[in-house]
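Residue numbers (the working numbering): 537 to 888.
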């Protein structure tokens, strides 16, 4: 174990976290320091609770990026869940399992600083958590609490036949970024000398690959968009496992089918570049890659007010429609072929 971290000890680390945690939520009656946090929950509403884990060797590698960015991502992926329900995040709990072989105290401080920076962006207060040692890699377990919008949360279960199916932003960037990192490319670094640079790779393609790595390492949850869509979106989910998988969840919960047009999928430029570089299908990266943390949502066929009026400047693409039928998404290709859209990331399914 890092000598500085060993000298600090578990309770010294907890004190360090407590000193860094800034109170941003007025409902924090008592945060870090007692057996449990004491929080005031706004009257008359429910409570949104979500949790995500990031495991070394599964979700990240230390060599890929900065510890600060890892802390930011741990917070961001949870905020994305609150965004998908139109809610407002308030409080966060952090569980840390630290391997004896690392990281260093300096790296942990950078990670905590990144988490606090992201928390500050969304007005979230760190109110507690847990620490322990790990016999494998680093584990971050983040639980985020928030409140739904006035009225009710936007659920996955409200889509109806005839609704339009939309997505924010571009898709496939995170998957492309992961491919780039696995290949040996690094954010902000020049093209490695030991990796053949294809003749077709222009400056704009290389910039797009850099942008894709940023999408993977530091995703930007669509909190403002999710809140703006309250009252317009009939159902919503964040794109964490890929459109193929997440559209399937939405169809299952709403008991509807969906027709997705392949020609309408907004593919990230970095996904197009990495697909060419690694002989993959860019559409597959966009539909099945996951971790884009965009919002997939449905609206009435002709929403009033329009999406442009609801969220000016928000990049959204209508990629299909909700239809009656078996609760699965279907992909309609330009040549007229139509197939069940399956796949997406599944932690417990081994690919062949």
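Here a beta-carbon is modelled for each residue, glycine too, at the ideal position from N, C-alpha and C.
Whole-angstrom C-beta distance between residue j and residue i, which should lie under 8 Å
i, j, result
"residue 490", "residue 683", "Since the first residue shown for the chain is 537 and the last is 888, residue 490 is missing from the structure and cannot be characterised."
"residue 639", "residue 598", "7 Å"
"residue 721", "residue 783", "With a Cβ gap of about 30 Å, residue 721 and residue 783 do not count as contacting."
"residue 806", "residue 744", "4 Å"
"residue 477", "residue 560", "Not covered by the structure: residue 477. The range shown for the chain is 537 to 888."
"residue 749", "residue 719", "About 10 Å separates the two Cβ atoms, so there is no contact after all."
"residue 821", "residue 809", "Actually they are not in contact, since the Cβ atoms of residue 821 and residue 809 sit about 11 Å apart, beyond 8 Å."
"residue 867", "residue 857", "Contact doesn't hold; Cβ gap of about 13 Å is too wide."
"residue 608", "residue 646", "Not really, about 10 Å apart at Cβ, beyond 8 Å."
"residue 625", "residue 680", "5 Å"
"residue 700", "residue 837", "6 Å"
Simplified DSSP state of residue i, which is helix, strand or coil
i, result
"residue 827", "coil"
"residue 879", "coil"
"residue 600", "helix"
"residue 822", "helix"
"residue 613", "helix"
"residue 810", "helix"
"residue 675", "strand"
"residue 551", "helix"
"residue 886", "For residue 886, the predicted model reports a pLDDT of 49, less than 50, meaning its position is unreliable; a value from the coordinates is still stated below. Of the three classes helix, strand and coil, the one that applies to residue 886 here is coil, per DSSP."
"residue 765", "coil"
"residue 608", "helix"
"residue 800", "helix"
"residue 543", "helix"
"residue 854", "strand"
"residue 859", "strand"
"residue 759", "helix"
Contacting residues, own chain, Cβ-Cβ under 6 Å from residue i (five flanking each side not counted)
i, result
"residue 879", "780 and 824"
"residue 619", "757, 758, 759 and 762"
"residue 541", "641"
"residue 775", "782, 828, 830 and 832"
"residue 887", "Below a pLDDT of 50, predicted positions are generally treated as unreliable, and residue 887, at 48, falls in that range; the measurement from the model is reported next regardless. Within the same chain, residue 887 has no close Cβ partners at all."
"residue 741", "809"
Cβ-based neighbour list, residue i, same chain, cut-off 7 Å, excluding 5 preceding and 5 following
i, result
"residue 851", "704 and 705"
"residue 773", "620, 692, 782, 785, 786 and 832"
"residue 797", "855, 856 and 868"
"residue 575", "563, 564, 565, 627 and 663"
"residue 766", "622, 685 and 690"
"residue 870", "798 and 799"
"residue 715", "810 and 814"
Limits of the unbroken beta strand (DSSP E) element including residue i
i, result
"residue 866", "865 to 868"
"residue 797", "793 to 797"
"residue 590", "584 to 591"
"residue 700", "700 to 704"
"residue 668", "661 to 670"
"residue 633", "624 to 635"
"residue 773", "771 to 774"
"residue 565", "564 to 566"
Residue interval of the alpha helix (DSSP H) (run including residue i)
i, result
"residue 875", "Unbroken run through residue 875 is the beta strand (DSSP E), 874 to 876; no alpha helix (DSSP H)."
"residue 745", "739 to 753"
"residue 594", "Run containing residue 594: none; DSSP gives neither H nor E here."
"residue 713", "709 to 719"
"residue 784", "779 to 790"
"residue 846", "843 to 846"
"residue 650", "641 to 657"
Close-in-space but distant-in-sequence residues of the same chain around residue i (CB under 8 Å, 5 per side omitted)
i, result
"residue 572", "664"
"residue 669", "633, 634, 635 and 636"
"residue 710", "748, 751, 752, 755, 825, 826, 827, 828 and 829"
"residue 725", "none"
"residue 789", "691, 692, 693 and 771"
Any chain D beta carbon closer than 8 Å to residue i
i, result
"residue 773", "In the structure shown, chain D cannot be found, because there is only a single protein chain."
Residues that DSSP places opposite residue i in a beta bridge
i, result
"residue 574", "566"
"residue 691", "The partner list for residue 691 (beta bridge, DSSP) is empty, contrary to what the question assumes."
The ligand GDP heavy atom lying under 7 Å from the CB of residue i
i, result
"residue 744", "Among the ligands in the structure shown, none appear at all, so the ligand GDP cannot be discussed."
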